[in-house]
Every structure is written in structure tokens, then in C-alpha cells.
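Numbered according to numbering that gives the first Met the number 0, the sequence shown spans residues 0 to 774. Don't be surprised by glycine CBs; every beta carbon is placed ideally from N, CA and C. Owing to the predicted nature of the structure, the values given are computational and were not obtained by experimental measurement. The structure appears right after this line, and notes come after that.
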Amino acid sequence: MMQLSKDELFAFFIDHPERPWHVQDLQKRFELEDRTGLNKILGMLVNEGLLIRTRRRTYGLPNEMNIKPGRLQVTSGGYGFVILDEGGKDIFVPAKNLGTAWDGDRIMVRPNSSQGDNGRPSGEVVRIIERRHNRIGGTLEYGRGHAILRPDSPRLGDRILLVPDSVGHLEAGTRLVARMIWPEDSGELDPFGELEEVLGRGDDPEIETRAVIIKFDLKDVFDPDTISEASAVPPKVTGEMMTGRTDYRHLNTFTIDGKDAKDFDDAISVERLSGRSRDGLVRIGVHIADVSHYVAEGTTLDREARERATSVYLPGRVLPMLPEQLSNGICSLVEGESRLALSALIDLTRGGQVKRVRFRETVIVSDARLDYQQVQEFADGGRLPRGKQKLERDVRLLIKLTQSIREARQSEGALDFDLAEAKVDVDEEGSLDLTPIRSNIARQIVEELMLLANRLVAKELSERDVPTLYRVHEDPNPEKVQMLGKALGRLGYEIDPKQLESQDLQKVIAEASGKPEAQLVNILMLRSLKRARYSAENLGHYGLAFTDYLHFTSPIRRYPDLVVHRVLKASLQHRLSPTLKERLRADFPGLAEISSQREKLAEEAERDLTRYYHSKWASERCGEVFEGVISGVNNFGLFVALRNAVEGLVHISNLDDDYYLFLEDALTLLGRNTKKRYRLGDRIEVTIAQANPITRHIDLLPGRTAVPEAILSNTKIIGGPKGLSKKPFSQQSLAQVEVPLRNRDPVADNSEAQGVKSPKHLKKILVFGNKNIRR
Numbered sequence: 000m001m002q003l004s005k006d007e008l009f010a011f012f013i014d015h016p017e018r019p020w021h022v023q024d025l026q027k028r029f030e031l032e033d034r035t036g037l038n039k040i041l042g043m044l045v046n047e048g049l050l051i052r053t054r055r056r057t058y059g060l061p062n063e064m065n066i067k068p069g070r071l072q073v074t075s076g077g078y079g080f081v082i083l084d085e086g087g088k089d090i091f092v093p094a095k096n097l098g099t100a101w102d103g104d105r106i107m108v109r110p111n112s113s114q115g116d117n118g119r120p121s122g123e124v125v126r127i128i129e130r131r132h133n134r135i136g137g138t139l140e141y142g143r144g145h146a147i148l149r150p151d152s153p154r155l156g157d158r159i160l161l162v163p164d165s166v167g168h169l170e171a172g173t174r175l176v177a178r179m180i181w182p183e184d185s186g187e188l189d190p191f192g193e194l195e196e197v198l199g200r201g202d203d204p205e206i207e208t209r210a211v212i213i214k215f216d217l218k219d220v221f222d223p224d225t226i227s228e229a230s231a232v233p234p235k236v237t238g239e240m241m242t243g244r245t246d247y248r249h250l251n252t253f254t255i256d257g258k259d260a261k262d263f264d265d266a267i268s269v270e271r272l273s274g275r276s277r278d279g280l281v282r283i284g285v286h287i288a289d290v291s292h293y294v295a296e297g298t299t300l301d302r303e304a305r306e307r308a309t310s311v312y313l314p315g316r317v318l319p320m321l322p323e324q325l326s327n328g329i330c331s332l333v334e335g336e337s338r339l340a341l342s343a344l345i346d347l348t349r350g351g352q353v354k355r356v357r358f359r360e361t362v363i364v365s366d367a368r369l370d371y372q373q374v375q376e377f378a379d380g381g382r383l384p385r386g387k388q389k390l391e392r393d394v395r396l397l398i399k400l401t402q403s404i405r406e407a408r409q410s411e412g413a414l415d416f417d418l419a420e421a422k423v424d425v426d427e428e429g430s431l432d433l434t435p436i437r438s439n440i441a442r443q444i445v446e447e448l449m450l451l452a453n454r455l456v457a458k459e460l461s462e463r464d465v466p467t468l469y470r471v472h473e474d475p476n477p478e479k480v481q482m483l484g485k486a487l488g489r490l491g492y493e494i495d496p497k498q499l500e501s502q503d504l505q506k507v508i509a510e511a512s513g514k515p516e517a518q519l520v521n522i523l524m525l526r527s528l529k530r531a532r533y534s535a536e537n538l539g540h541y542g543l544a545f546t547d548y549l550h551f552t553s554p555i556r557r558y559p560d561l562v563v564h565r566v567l568k569a570s571l572q573h574r575l576s577p578t579l580k581e582r583l584r585a586d587f588p589g590l591a592e593i594s595s596q597r598e599k600l601a602e603e604a605e606r607d608l609t610r611y612y613h614s615k616w617a618s619e620r621c622g623e624v625f626e627g628v629i630s631g632v633n634n635f636g637l638f639v640a641l642r643n644a645v646e647g648l649v650h651i652s653n654l655d656d657d658y659y660l661f662l663e664d665a666l667t668l669l670g671r672n673t674k675k676r677y678r679l680g681d682r683i684e685v686t687i688a689q690a691n692p693i694t695r696h697i698d699l700l701p702g703r704t705a706v707p708e709a710i711l712s713n714t715k716i717i718g719g720p721k722g723l724s725k726k727p728f729s730q731q732s733l734a735q736v737e738v739p740l741r742n743r744d745p746v747a748d749n750s751e752a753q754g755v756k757s758p759k760h761l762k763k764i765l766v767f768g769n770k771n772i773r774r
């Protein structure tokens, strides 16, 4: 009896794409006695999106049936777009053609001849390959006696029916997490949820942080096996670990990081070279923690790091890619401790020109930990702290060198955005402050050296034809460039959208620098560019104007950097066999996609929680007046960005001195009678009217407008559950919420909660109880 493998069966479909195949035909073709194994393999190929099963129970290749795999992105408007695995234009999917697919699902889409939004091809979802969400966070509501979850993310619709027995008598307004039960698992027409976790009630940072972790599917706890494996790593570098490495512990080596940094990926050393051929050269050592020595491929540590792909830096909390025993311990280049590193030794002229580069597996020790503030104060004419002043000569040389490197990079067309950012500072008592972050000389030293090391490693691997993960940034979309040209033109800057090079954009950035509209110019340009991403193919980096670029310098917090370390070391040790190269080339495209997706989720989570704190900051300043810049103009109003990066909306209904017309081409609201104009980039005074941290909405009024007392005195969350207080619950009341559901007393003052009805289509499911509900 023939044993059929998945690879053999899929290869058959590749070799015979002329028609769909029925399971009976396949059984005969492979001379199988029964179909049990065949059906199992066909199911696996269908679930992976490699084959399609038709209504006639035949199987074929998706492309041959004009069906393509991709990932669905649903907008708050209810329609979606499919980002195809094969690339190319996104496919627009009207709401009616989404079926039961949700935002983030991997799906199969059938394009059709009609066009959708912005001339994109349109299509319909024909199959769901993989669900994106197993758990969804939101707020409990009751409607017509039904328990309803209103998801935190507007992309997930406005309501999900909950299994009533799981909700018990929780009050409306409770924040909770539901485990999703999808139609394909239940046999029902619609998805529904079962209570999994009660987060609490009210506007509380801890609740909101937990909600964001759930919302973006982040991992905040390591698996026990991962912790066990990390704990087995020695806490100190041993003599055996140093065998075969170059010892650079004699060099003056130091780190430059933020004050609150705990994981130190990179350190720097400086040597002044002498001799006939090297006189006047400087050797910069960029020493990166050798995480790959401790995290071997295929281990439990590696699998979880690959799944996480990146550390996530939420305001007030870090979700590390690696357990703290490694990230803050043996891998971190802490002061005074011997550490294993992968080092780039770069010989440069005093003008910043690279003459030679070598890569070595090394042992180093950091002599000093410097922070950005200390280095900046030194650059401004001060001194480094006592005990670290021996490094002043090296830091002074680095300032000059990196300035030359930066100028050369900009002359080649690299884009250097200067965006207003604000760090969220929350003290132990819960007081909130937003501290502006600006690029300065101290940060530029580190930035330039890391960019240089990343570029040189990419060049080395590219020239050696070593498979790796590149960091790529493709040319901007022509349509967005046209829109950018119009917007910049309104601000007095000209570009030629038909012949646009990155140098042209950098010239505009430089021209706008120091002017009132500089921040807006930077934002407009950034919005017009594509996202940088990871790729197994070297496509160059538009924004940096680099032919070769990758990420090498942060293996503690980025998985692609760890992969780059492995292949670089394999190349240096001559371990890259043809078989290994082929395996890496097959693995890296999928790994690049996963890493890009996880990075995007991490950024969205960081941005979302930052917006929560921005809204919270604004809610404490209702009635106060601030100066800002109009950062967006729409038919419903103006977005205004304050100096600390907080952004709010002046709704058009609050521009009550005239009727305003929206001039889309001019990005302007024009008063019909007064001819008053609100234009993109205009400076404007605004008054904070109200803010809702939970929904992230900040409402502004134009000018020095008195906020109605009814708004200022309102203690309810705007648009939230009835009676929900801004104040967080006490620990006692939170404990009461967390009592097991079956032990709770009825909530006397919540009549809706007392008579929860079971939706009719759930009745045949609910009889199986609250756990593991299946048909």
C-alpha cells in the first residue's frame, strides 16, 4: 500500500493544474486502498490555503481558479481590503462580500471584473484560512435582554452576542475579554463570545493596558518551558564561552541609552590608528550583544522569540521578546561585566569615509554607561559625570565623525524626519506628564553608528550571496505622491511628482526646518511613504537612500536581527552549505511576513495606548487653551496637533460663525459668507472641550472658547456605558467583580441584567455548558 505525503500530493497539483481533481480520481491515481489518509492531507492543504475545495468536492490550485490568498483588513466603515500574499494592488471587498470574515483573518478572495474604492480591483471572500482573533476585549452592554460585547476595536464591528450563562449578573459598563466561538466551530450563522476574563470598570491605566494587550494579540506572559530554558543559562560569561573569540576588553567601550533603559543591545569603542597606511584613521567598534550564542535555533526560547518577533514598548510597561533573565541579564551589555558580542570594526577617515570593515565574534566589557542627557550636556559645552570623564576625548571625536557621516547620508538623499514626539511619564501615584522628545546630538551619535553598521552588514551578506532578512522600503505610490505634491504646494513648497527622488523630499525638509509648518511638512511626507518592512529579497531602502540595508543592532528586542546574527556567524565560520542556504531561502519569505506583521501590531498597540494617555492628559485640562497646527482637514472638521503631539478634532459643528465649505483640493474649510479659511498647516488656538480616554476622542473648540458648564461638570464617560465614573474602582470593588460567576448575588439595581435572554440560534449550543462550547 502506497504511503502518500503532503509534499507529494501538492507536487501532483503543481504538475497537473489543468483541472480540479475529485477525491476518487486522486485515490485511483495514487492507488490508495482507502481515502482516510488522502482526505486528511487534502484538509491540511486546504487549511493552509494551498488548495481550494469546490462545492462539487473537487480540489485545485487557487490561482487556477482565480482565487488568491491574503490577509483581510476591515475598516471602521465595514468594508475591507485584502493584502495579497503575492503582492500587487489590494483588493477591495464590500461589506456584503465579507461573509463571516473579520479584520486580520487570512482568507481566500475571488477578484472580479468590477472596480472598488480608488480604482482598486474588487472581490469577495470565499474561504477563511485562519482566524486572527481568538479573544476580543470590549465593554459589556445589554440590549433587549441580550448580553452584548462592544469591541474595543471599531474594526471588529459594533457588537458581539455573548453566551448569557457566562456573563452572570455583571453590570453594564464592565470591561471584559471574551473567547470567540466562530461559525465554523459552532455550526451557527454568527460568531459569539464567551466570557473569559473580567478586567474591571472605569478609566484605569492598568485596565487599559491589559485591554490593549488583548486587543492587539500581544503576549505578556512567557510559557513555563521558555522560562525554564532561560533560567538554565549561566548568569555570567565563563572562560569556556570565550574560547575562539577576540578579546576586546582592553578597549574603552561604553553604551549610550535612555535613563530608564535596562536592555543594552549595543556598545561603542573608539581607537585612533597610527602607522604608514593607517595614519589619521579612526576605528569605531560597534559591539552588539551576541544573543544567538544563548538562543539556539529550534529551541523553546527561539520558538517563542520568533512568535513574538519584537519587544513591545507600551507606556509604563515593556513586553520583552526574551525573558528578563536574558534581556536584562547575560545578553545585556551592562557596565563592568564581560559580555559576548558580535562586533563590526569600521576604519574611517576623519571625514567619515569607510576604508575597511571586519566582523568578529568578541568578548567585551562596557566601562561606562552614559545616557542621552549626559552626552547632550557634554556636547553643549559641559562635562561628563565624574568617573566617566576619561571618555570625553572619544565622545568629542564621535560627535565630529557622526556629523560628517550624517551630512554625507543626507547629501545622498536620506530622509531625516524631525517629528514632535512625547514620552508618557506616569509616576507611582498615577500623575501623568508628557515629555517632548527631540532628536539631538547624543541620539544622532547612536543613530548614525547603528545605521552604518546595519548597512555594512547588509553589504557584506549581499556580496557573499548569503540568504538573510533585509529591511526594505519601496518607492512611494504615485497616487500618494500626487496628493503630497498638492498639499506641499498649498504650503509653498514645490516638488515634481513625476520625477521625485528622495533628495527632493530631503530638500523640502531642510527648507521647512525651523518654520511654523515644519512639523506638518514632516507628517505629510511620512504619510505619503510606504511602510518599511522585512523581506528575503534585497529591494533597497528608499527613505535611507541605501542600496543594501538590514537590522543587525538590536537582537535582544528584534527577531530579524537575531536571524541576521546567525547567518553572519555561519558565513564567518564557513558553515553555509548549499543545503542550508536552500533551507534559509525557503524559510525567510514567510518569516519576513510574520516579522513585519508583528512589528506593525506592536506599533499599533504602542500608538493606541499612547493615544489613551494623550486623551487622559487632555481630560485633566478641559477648558484650557493651547496653540496647535492644523494637521488634517476633512468635510467634518479640523484635526489640530498640539506641540506635545496630542491631536484632537474641532468638529465642523463647532465652527458656528459661518457655514463652511470643504475644498478638498485645497485642503481648506472656507466660510461661505465671511470667506474665513482654515487651511492645512495654519497655526490655531484651541480650547480643550472634553476628552474620552476609553474611546481616545479629544474634542476641541476653536480659539479661546468658553466650555459650557454642562460639559465641564459631566462626570460620565462620553459615549460610554451609562453612569460609568471616570474614577477607577477601589481594590475592594475590583475583588468583588472577580468573584467566580456562579457565587455572585443578583445585581439588584440592574433590571436588564436580571433577565438575560438566550438568542434563539444559541440554544442548541448552550446546553453543553460554558466551557469548550461545541456542537
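MET449: member of the alpha helix (DSSP H) spanning 440-462, first to last residue.
Our two residues, ARG105 and ALA511, have alpha carbons roughly 42 Å apart in a direct line. With 16 or more other CB atoms across the displayed protein chains lying within 10 angstroms of its CB, GLN689 is buried. Look at PHE551 here: in three-state DSSP terms it is coil, with no helix or strand label. Shown here for LEU528: same chain residues with a beta carbon closer than 6 Å to its own, the five before and five after excluded, namely PRO475 in chain order.
Proximity to ASP216 across VAL176, ARG244, ASP246, PHE191 peaks at VAL176, based on C-alpha coordinates. Along the region 271-348, the beta strand (DSSP E) occurs as fully enclosed runs of 3 or more residues at 281-288, 311-313, 316-318, 337-347, listed in sequence order. Of the candidates LEU571, GLU663, GLY76, the residue whose Cα lies closest to the Cα of MET482 is GLU663. Note that the C-beta distance between SER403 and ILE363 is not below 9 Å. Note: MET107 is bridge-paired with PRO68, ARG126 in the DSSP secondary-structure output. Within the same chain, and ignoring the five residues on either side of SER310 in sequence, the residues whose Cβ sits closer than 7 Å to its Cβ are VAL317, LEU318, PRO319, MET320, ARG556. Look at LEU679 here: in three-state DSSP terms it is coil, with no helix or strand label. Note that the C-beta distance between ILE629 and LEU641 is not below 9 Å. When the Cα atoms are used, ARG244 and LEU344 turn out to be separated by approximately 14 Å. Minimum Cα-Cα distance from ASP346 among the listed residues VAL269, HIS292, ALA304, MET43 corresponds to VAL269. Counting only unbroken stretches of 3 or more residues, no beta strand (DSSP E) element lies wholly within the region 197-244.
Per DSSP, reduced to three states, the secondary structure at ARG357 is strand. In this structure, GLY279 lies away from ARG392, with their beta-carbon atoms at least 9 Å apart. Within the region 497-569, the runs of alpha helix (DSSP H) at least 4 residues long that lie entirely inside it are, in chain order, 501-511, 517-527. Here GLU623 has THR686, ILE687 as same chain residues with Cβ atoms under 8 Å from its own Cβ, once five neighbours each way along the sequence are excluded. Here VAL285 has ALA343, LEU448, ALA452 as same chain residues with Cβ atoms under 6 Å from its own Cβ, once five neighbours each way along the sequence are excluded. Only buried fits ARG209, as 16 or more other CB atoms lie within 10 angstroms of its CB.
Of the other Cβ atoms in all chains shown, fewer than 16 fall within 10 Å of the Cβ of GLN23; this residue is therefore exposed.
Where PRO435 is concerned, the enclosing beta strand (DSSP E) starts and stops at 431-436. For ALA486, DSSP records no beta bridge to any residue. Judged by DSSP in its simplified three-state form, TRP616 adopts helix.
Straight-line spacing of the CA atoms in GLU406 and VAL353 works out to 14 Å. For SER75, there is no enclosing alpha helix (DSSP H), since its DSSP letter is neither H nor E. With fewer than 16 other CB atoms across the displayed protein chains lying within 10 angstroms of its CB, GLY386 is exposed. Across the structure, THR254 and VAL108 are spaced so that their CA atoms are roughly 50 Å apart. Taking the CA atoms as reference points, VAL645 sits about 26 Å from GLN596. Judged by DSSP in its simplified three-state form, GLU646 adopts strand. Cβ contact annotation for SER112 (same chain, cutoff 6 Å, sequence separation greater than five): none. For ALA94, the secondary structure class from DSSP, reduced to helix, strand or coil, is helix.
Within the model, the alpha-carbon separation for ASP415 versus TYR541 is close to 12 Å. Around the Cβ of LEU418, a 10 Å sphere holds fewer than 16 other Cβ atoms; the residue is exposed.
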